[in-house]
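Chains as they are written, first to last, in my numbering: chain E, 1 to 248; chain P, 1 to 248.
Protein chains: 2
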Amino acid sequence: MSNSVERAMRILVELAEGPTTISELGRRLDVHRTTSLRLLRTLEEQRFVRRTDDGRYQLGPRMATLAAAALEGFDVRGLAARHLRDLGASSGQTIHLGALEGDRVVYLDKVESRHAVRMYSHIGALAPLHATGIGKAILAHLPGRERDTLLGDPPFARCTPNTLTDRAALDQELARTAERGWALDDFEHEEFIHCVAAPVFDASGRVRAAISISAPSMVLDRQDLLALTGDLTAAARDISEELGWSQT
Amino acid sequence: MSNSVERAMRILVELAEGPTTISELGRRLDVHRTTSLRLLRTLEEQRFVRRTDDGRYQLGPRMATLAAAALEGFDVRGLAARHLRDLGASSGQTIHLGALEGDRVVYLDKVESRHAVRMYSHIGALAPLHATGIGKAILAHLPGRERDTLLGDPPFARCTPNTLTDRAALDQELARTAERGWALDDFEHEEFIHCVAAPVFDASGRVRAAISISAPSMVLDRQDLLALTGDLTAAARDISEELGWSQT
DNA sequence: CTTCGATGCTGCACTATACGCAACAGTGTT
DNA sequence: AACACTGTTGCGTATAGTGCAGCATCGAAG
């Protein structure tokens, strides 16, 4: 549609990489440097960009101001809803969206399974951090100190025979979780239900929530469950991007 | 310069207030709604804005992404430097820029007084939170729990006869400080030096630093010192705005 | 010291571009 | 039913934004 606006936006995106000169921007956008000069001027008037001491341009304060406003308008649940439904449709299983609430997980949204055998849970319910996929997905990306205070003192409450109740085992599991990008709840919370979960990040790079696919073992065996991790992490990444997250 | 870019930017600013319809934006910018429609379309293509379920527009994820990048590029000291020099020139007194470093204040920058009688301090030096203007200006705008852990257990170290060493007195002083927007160090740190200080906020609304004007009592009496608070808070606000802060 | 190739910046002429208007369908209000 | 809104499309026009030529400046290479 609007040529110059599009170029201006591309300039902002380029500037996110770091301070840049007028000519360099002209080259990257494939426009005359005169053009990039004038675009930068208008952006500067509105304080979307500013000049550094050496004359290069960088993102300006208004960018930060508006983002703060943008973040307020983002509600994880609303933005995630579409992706949760998609995931539910493609997998046919139960999908959960959960976030940190105090030292527990709270379920923010749920898509019901297509199968007759359903798991019991409801929006608003609370669950322990250490024994759920969502909890572990979140814990794995939390700074160490925060993890300490949230977990409290071991042994952690046992939910099933598989629950990880000591700190060493949990830490090792969280390290693996962080590395591969998704968490596995291997019947650690409910006796016959296992699940995979993936973290959702916001613009500042912090974990904001996590999503999970759960199923009873008689419906989905371990192998079939793990086969869903691709779709799961893709959906988590999509939601993260809606929140302003970008890979770096 | 660039008409459409300027309009696009104004749209972004308007959208910071909250989700808005096309026609409403057209009215606010005083352009035909067709125009605002097309501007919004290009902004949407670049994910700077997004549509809500009810068709209104709001700021998009890219806004948040870029802001995160913008914040990285902001260094308080560099951005404050010009304002510190201005303040030094207009007041003729010693100006400090300080921030939190662990549980103390660290001086990030300094402008020397014009007077023969100068105070001793240097960039990089550390000072106690509870006994300095900068420290109190920062403390006054910190969440309660953070304040608790930073201050530790009373009684606080006494620097001069005026130092506030118990928690109740300090809390009362901090409440007054937060309310009026500036802190007074009434010979609480150094025997013959008093100062006024004002907090500097960033885009997220958190205190990031504070600036102060200090003077020996023989150079500036209480009344003259207080007369400088206007310029001081104005400078602090200017620096805050460079960091993306905006009053709300 | 000169030369060269950069850079940022201004003025100008041209053309493409983005503008407003008119007209459409859809929705909710009086 | 009439009305006043909304978002959306197509179109002609004039404005707004483009690229070019040319300026001064600067640092590196000769």
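Virtual Cβ for every residue (Gly too), placed ideally from N, Cα, C. These numbers were taken from a predicted model, which means no experiment stands behind them.
Residue from the options whose Cα sits closest to the Cα of residue i
i	options	result
E:ILE134	E:LEU108, E:PHE156 and E:SER212	E:SER212
P:PHE128	P:LEU87, P:VAL207 and P:CYS159	Contrary to the premise, residue 128 of chain P reads as Pro rather than Phe in this sequence. Among P:LEU87, P:VAL207 and P:CYS159, the Cα nearest to that of P:PRO128 belongs to P:CYS159.
P:GLY205	P:ALA8, P:ARG145, P:THR233 and P:LEU243	P:LEU243
E:HIS130	E:VAL105, E:ARG62 and E:TYR120	E:VAL105
E:GLY55	E:SER23, E:ARG27 and E:PHE74	E:SER23
E:LYS136	E:GLU14, E:GLU173, E:ARG33 and E:ASN162	E:GLU173
P:SER246	E:ASP171, E:THR65 and E:THR42	E:THR65
E:GLY230	E:HIS122, E:GLU146 and E:LEU87	E:LEU87
E:LYS110	E:THR132, E:ALA99, E:LEU84 and E:LEU100	E:LEU84
P:ARG167	P:VAL13, P:SER2 and P:ALA140	P:ALA140
E:PRO161	E:GLY144, E:GLU191, E:GLU146 and E:ARG145	E:GLU191
P:ALA203	P:THR132, P:ASP75 and P:LEU108	P:ASP75
E:GLU146	E:LEU100, E:ALA157, E:ARG114 and E:GLY181	E:LEU100
P:ALA215	P:LEU15, P:ARG114, P:ASN3 and P:LEU142	P:ARG114
P:GLN223	P:GLY144, P:PHE201 and P:HIS194	P:HIS194
P:LEU228	P:VAL200, P:GLU241 and P:ALA89	P:ALA89
P:ASN3	P:GLU241, P:LEU39 and P:LEU142	P:LEU39
E:PRO19	E:PRO199, E:GLY60 and E:ALA157	E:GLY60
E:PRO199	E:GLU17, E:ALA169 and E:LEU142	E:LEU142
E:GLY144	E:ASP171, E:ALA157, E:SER121 and E:PHE156	E:ASP171
E:MET1	P:ALA157, P:GLU17, P:ARG27 and P:THR35	P:THR35
Local conformation of residue i per DSSP, three classes
i	result
P:PRO154	coil
E:GLY55	coil
P:PRO19	coil
E:HIS83	helix
P:SER246	coil
E:LEU228	coil
E:ASP148	helix
E:PRO61	helix
P:SER271	Because chain P is modelled from 1 through 248, residue 271 of chain P falls outside the range shown and cannot be assessed.
E:THR233	helix
E:ALA140	coil
E:LEU129	coil
P:VAL200	strand
E:THR42	helix
P:ARG176	helix
E:THR163	coil
E:LEU66	helix
P:ASP30	coil
P:VAL5	helix
E:ASP238	helix
P:ASP109	strand
E:LEU100	strand
P:VAL219	coil
P:ILE134	helix
Test item: CB-CB of residue i and residue j under 7 Å
i	j	result
P:VAL196	P:LEU164	no
E:ARG7	E:LEU29	yes
P:ILE123	P:VAL207	no
P:ALA210	P:GLY98	yes
E:THR42	P:VAL31	no
E:ILE239	E:ALA80	yes
E:GLU233	E:TRP182	Here residue 233 of chain E is Thr; the residue named in the question, Glu, does not match the sequence. For E:THR233 and E:TRP182, yes; Cβs fall inside 7 Å.
E:LEU108	E:ARG77	yes
E:MET9	P:GLN58	no
Nearest-angstrom Cβ-Cβ length linking residue i and residue j, presumed shorter than 8 Å
i	j	result
P:MET63	E:ALA70	4 Å
P:PHE48	P:LEU12	7 Å
Any non-hydrogen atom of the ligand NAP closer than 6 Å to residue i Cβ
i	result
P:SER2	With respect to the ligand NAP, the structure offers nothing, as it holds no ligand at all.
Would you call the segment 177–189 of chain E in contact with the segment 66–84 of chain E, where contact means no fewer than 3 C-beta pairs closer than 8 Å? no
Taking one C-beta from the segment 38–57 of chain E and one from the segment 181–200 of chain E each time, how about it: are there three or more such pairs within less than 8 Å? no
I want to know whether the segment 146–158 of chain P touches the segment 215–234 of chain P - three or more CB-CB distances under 8 Å. no
Segment contact, 8 Å Cβ cut-off, at least three pairs: the segment 88–95 of chain E with the segment 96–104 of chain P: no
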